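Report on the structure given below.
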Amino acid sequence: MKTWWTLFKREFASFFVSPVAYVVLAIFLIITGILFYSNLLWYYQNSFGMFQDPYMIRSMNLTDDLIRPLFANISVILMFMIPALTMRLFAEEKRSGTIELLLSYPVRDSEVILGKFSATLTFFVVILLLTLVFPVFLYAVSEPETGPMITAYLGCFLMGASFIAVGTFASSTTENQIIAALLAFGLNLTFWIVGWISPPGTGTMSTVLQYLSIIEHYDPLTQGILNSKDIIYFLSVTVLFLFLTNRVLLSKKWRG
Amino acid sequence: MTAGNTRNQNRTTGGILTGTSTLIVIAILVFIQLIAENHNHRFDLTKNKRHSLSDQTLKILENLDDTVQAFSFYRESDPDYETMRDLLIQYSEAGPKFKYVFVDPDSDILTARRYGVTSYSTTVLTCGSRERKVMIPSEKEITNAVLKLTGGDEKKTICFLNLHGELDLESIEARGLNNLKLTLENLNYSVQSLNLLQTKAIPPECSILSVAGPQNDLDPIELDAIRNFLDQGGEGLFLLDPKTVPGLVGLLSDYGLKAGDDLIIDPNGYQNMLQPIVESYPVHEITENFSFGTLFQIARSVNPVDPPPPATTIDVIANTHEDSWAHRNLSESDEIRMEFDPETDTKGPIPIAAVSIKMSDGSGPETRIAVFGDADFVNNNLSQSVGNTALILNTIHWLADEKDLIAIPPKEPISQPMQLSAGQLASAFWIPVVIIPLIILGFGGSRIYHRRKHG
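First to last, the protein sequences are chains V and U.
Residues in the first sequence are numbered consecutively from 1, following our numbering.
Residues in the second sequence are numbered consecutively from 1001, following our numbering.
This is how it looks when you write it as structure tokens:
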């Protein structure tokens, strides 16, 4: 535990040594801010139309028409952004040769992996905390539904954790950070679009491909629906890729 | 043994162990997914639980004796695909005997032909040899289709009286009734026009007689036919515009409902004071869980007769706003005064719809009657308002004694239109897009600068 804590602090502090962390935070907020503003503008203009003719225009709902599209957009941005955060985790240490030194210490591989994973996850939580400016604004001007807001953030957190685990794995396989980022992005994208290639109907292949799709499990959370199977899916993806990272590190020992 | 051989052996062993352990972990995770999929717990955290099925539907699904299979002919690009999919998932999770399958109508033409599907976004529900089509992805439509599939074969007929200037069943114009007709047919009612002067009596297949907005009074022969029909347990739906059909109004008084010689004026009316908005519904089976506004256009009051006729129960089901009033002093040449006259007018709330149940001889068939003080509220134009359609359908279900069909009010997202000031709109842009990023960059820049400066 103490080792994990030491590794966590070292890894988390490393985010803020270079300007990268601040630039990532600022860019993420600018992009999501623009998306939020454009969604808000659309919502406001349609609401205005509704005031003109309240009985003939369909209802406008903050969860369905503003929060859900916003979180759908945020998830796409995360697919690109998280590989940029995770690409250096192991690849940099491999390139500089410090990985051998690190693994020669009396620490377990799993502690190293969890230290790096949890530090990146904590940094990701900081990013998410910044986006709380959007719900704060909505609560100030309207009455958004709290339940769907919480599930949307939970979905974002779980999806982020899965992407970070995928990125950690990708980074452990190479010493080239660009390749690590591309591999992580490719894997994330595969999980994203796998449902698109599922054949119509409810055959086994279709069911499996639909189930593997991240959107299948993320979308209900943005609507305020909490399914136990969705939580378990995200946790399973995270555990699987952290385990695979562990196997990759272990393989260095028996490969010599 | 050489060092090279040892290394090779280590690699082989390591490879086998890694491969095996990876397969075991994947197998465990797949097993966990299977359990999670089959024992899913679903929580709907929206305020009005709009992603959950009503208790009524859950009860029906739990009690299904036969398997109901839904074939949903949708493309993923269809606008209602997600809504229908969300609903079908809920149905299948709630009832093990409800199954569904999505069929791509473009690639599986044979299945589409087999079920007579000619348009996208059609769902065919089957139970044994029976089939029903659902065109609208709503809980009400699907549950009603399930009920019709698993229930009896009886199809109730609603006969709409015509030739007195009533709203036209076939017309797709704003004042027509075609939307209502199609909705009723979709709910398994048979709808037909009735020329009472020709038939002299109401045909035996008519379960419900509907008189929707006659402008000319009925012939005494027709009034007698209607009285006979009602006295023999027929059900009647009467939508009566102001200043019309005094003969029919007199007949209905014998059943406890008196359409007033007045005109309802609502200062908070929809587009003008002659379009009262109704938001108050006294407790009744028809308006249970009813949370919609309904919109009327040039309406009269409908009052319970006092004292009520023997063996008759009367209930008002809709009242106008308390700021409205019933303008009584009507004449052909009179220009309507849009101010309340305490001497002649009646202060709101004004009953605009009422129902009565009359028992014949205390033990015979009961007669159910519903009277509305307006016909236009169900026309093609105003029936687009969700509340109007729901109110008339609930009333018809009540008349037809289709209690199961009543208790499923449509669940819509909570309407939250947003009004923003120019300042609020500007802050929604400047704070997240400019100010906070600048603070972050400034803070980060200064920290890095200090660190480099001070080593």
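All C-beta atoms, glycine included, are put in the ideal place defined by N, C-alpha and C.
What you are looking at is a predicted structure, and each value in this text was computed from that prediction instead of being measured.
Here DSSP, grouped into helix, strand and coil, assigns U/I1202 to coil.
Only buried fits U/V1245, as 16 or more other CB atoms lie within 10 angstroms of its CB. Think of a sphere of 8 Å around the beta carbon of U/A1428: the chain V residues whose beta carbon falls inside it are F36, Y37, L40 and F137, in chain order. With its beta carbon at least 7 Å from every one in chain U, V/P106 lies outside the interface. Using a Cβ distance threshold of 7 Å, V/W196 and V/G115 do not count as a contacting pair.
Linking V/I77 to U/I1431 through their CA atoms gives a straight-line distance of about 20 Å. Contacts between V/F134 and chain U, judged by CB atoms closer than 8 Å, involve P1432 in chain order.
Residue pairing for U/T1312: DSSP places it in a beta bridge opposite U/K1358. The beta carbon of V/N227 falls within 7 Å of a beta carbon belonging to chain U, placing the residue at that interface.
One thing to note: U/T1312 has its Cβ within 7 Å of the Cβ of U/S1356. Straight-line spacing of the CA atoms in U/H1284 and U/H1164 works out to 32 Å.
Taking a 10 Å sphere around the C-beta of U/K1358, we find 16 or more other C-beta atoms and assign the residue as buried.
Put simply, the CB of V/M60 is near chain U, with a gap under 7 Å to one of its CB atoms.
Given a length threshold of 3 residues, each whole run of the beta strand (DSSP E) inside the stretch 1177-1246 of chain U is given here in chain order: 1190-1194, 1206-1212 and 1235-1239.
Between V/V125 and V/C156, the alpha-carbon positions lie close to 10 Å from each other. Contact between the stretch 1087-1105 of chain U and the stretch 1061-1075 of chain U is established, with three or more Cβ pairs separated by less than 8 Å. Look at the stretch 1031-1047 of chain U: the residues with a C-beta under 7 Å from a C-beta of chain V are I1032, Q1033, A1036, E1037, N1040, H1041, R1042, F1043, D1044, L1045, T1046 and K1047. If you draw a 10 Å sphere on the C-beta of V/Y139, you find fewer than 16 other C-beta atoms in it, and that means exposed. The beta carbon of V/T151 is closer than 6 Å to those of L221, G224 and L226 in its chain, skipping five residues each way along the sequence. Of V/L85, V/T173, V/R247 and V/R108, the smallest CA-CA separation from V/P19 is found for V/L85. Secondary structure of U/I1414 (DSSP, three-state): coil. With respect to chain V, the C-beta atom of U/T1057 has no partner C-beta closer than 7 Å.
In this chain, the beta strand (DSSP E) harbouring U/S1072 covers V1068 to F1073. Note on V/Y218: 16 or more other CB atoms within 10 angstroms of its CB, so buried under the neighbour-count rule. It is roughly 51 Å from the alpha-carbon of U/S1138 to the alpha-carbon of V/E111. Straight through space, the alpha carbons of U/H1039 and V/E216 are spaced by roughly 17 Å. Straight-line spacing of the CA atoms in U/I1265 and U/Q1271 works out to 12 Å.
Close to U/L1420, with beta-carbon spacing below 7 Å, are these residues of chain V in chain order: Y44 and V141. According to the DSSP assignment, U/I1158 belongs to no alpha helix (DSSP H) but to the beta strand (DSSP E) extending over T1157 to L1161. The C-alpha of V/L35 lies about 16 Å from the C-alpha of V/I127. The secondary-structure analysis by DSSP pairs U/K1258 across a beta bridge with U/N1303. Excluding its 5 nearest sequence neighbours in each direction, V/D64 has C-beta neighbours in its own chain below 8 Å: Q223, listed in chain order. Taken through DSSP and simplified to helix, strand or coil, U/E1170 comes out as coil.
In this chain, the alpha helix (DSSP H) harbouring U/R1452 covers I1436 to K1453.
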